[in-house]
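Participant: Numbering (the numbering used here), first residue to last: 72 to 319.
Got a structure here, written out as structure tokens. Questions coming.
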């Protein structure tokens, strides 16, 4: 086995399965031994203005990007064409929607990164693993944006290469050869994604699994206001002055 094939197997077989194993075992370990640390460690009290704009942009745009990945990678191209969506329409829709999501993700992550680096009180609450997760996120975002923009002019059909390899991971038969022929930026994007899956359980990203879904079916909380009332004068209310030594 030559060096190239060895590296290919390490990157496109060993790394994905190792990342998934660490992702699952790491979350179990974190939940068992560090439930008090299972939090986003919110810094809203330290700074609110930038967080108010950056967090919604980043989260909603990320959800849109994930939805695009599900459509483009997990769903086979023949299924998409089978419901009447042409390749031309899919290409332009994916490019336009992807670029909109990319712009919003960039704005959101720049605001959040600037907040974390330049606001002293937020920076003091940031750990080394938080910076590692932020760097990996930036790499994933940038390497995902560039192909999206380029595909407007020079389409590369990743559904015939990257998608086949990715779906092959779930059938325990990944086709390594298609990834070795993919453009480098796609390889970097995929490798960075697996790395962030590996570090996920040890970062504040675990708060993604703590969404309060039970709020959907819990009873309503009824709030009642009480009319402001001036306090009674001593001796005129329910509690009156009593003589010392007289039993209540």
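Backbone N, C-alpha and C fix where the C-beta goes; we use that ideal spot for every residue, glycine too.
Small disclaimer: the values here were computed from a predicted structure and weren't measured.
Excluding the five sequence neighbours on either side, which residues of its own chain have a C-beta within less than 7 Å of the C-beta of residue 246, listed in chain order?
Facilitator: For residue 246, where only same-chain residues beyond five positions count, the Cβ hits under 7 Å are 235, 236 and 239.
Participant: Distance, Cα to Cα, residue 135 vs residue 105?
Facilitator: Each residue's Cα considered, the two are about 31 Å apart.
Participant: By a C-beta neighbour count over all protein chains shown, 10 Å radius and 16 as the cutoff for buried, is residue 250 buried or exposed?
Facilitator: Classification of residue 250: buried, given that the 10 Å Cβ count is 16 or more.
Participant: What's the call for residue 81, buried or exposed, on a 16-neighbour Cβ count within 10 Å?
Facilitator: Under this definition residue 81 is an exposed residue.
Participant: May I ask which residues mark the beginning and end of the alpha helix (DSSP H) holding residue 280?
Facilitator: That residue, residue 280, is in no alpha helix (DSSP H); it is neither H nor E in DSSP.
Participant: By the DSSP assignment, the alpha helix (DSSP H) with residue 116 in it spans what residues?
Facilitator: Run containing residue 116: none; DSSP gives neither H nor E here.
Participant: Taking the alpha-carbon positions, what's the residue 321 to residue 149 distance?
Facilitator: In the structure as shown, the chain begins at 72 and stops at 319. Residue 321 is therefore absent and cannot be evaluated.
Participant: State the start and end residues of the unbroken alpha helix (DSSP H) segment that holds residue 258.
Facilitator: Unbroken alpha helix (DSSP H) run through residue 258: 255–270.
Participant: Taking a contact to mean a Cβ-Cβ separation below 9 Å, would you say residue 34 touches residue 275 in this structure?
Facilitator: Residue 34 lies beyond the range of the chain shown here (72 to 319); nothing can be said about it.
Participant: Under DSSP, the alpha helix (DSSP H) around residue 219 begins and ends at which residues?
Facilitator: Element bounds for residue 219: 199–221.
Participant: Taking the Cβ atom as the reference point for each residue, do residue 361 and residue 86 lie within a distance shorter than 9 Å?
Facilitator: For the chain, the structure presents residues 72 to 319; residue 361 sits outside this window and is missing.
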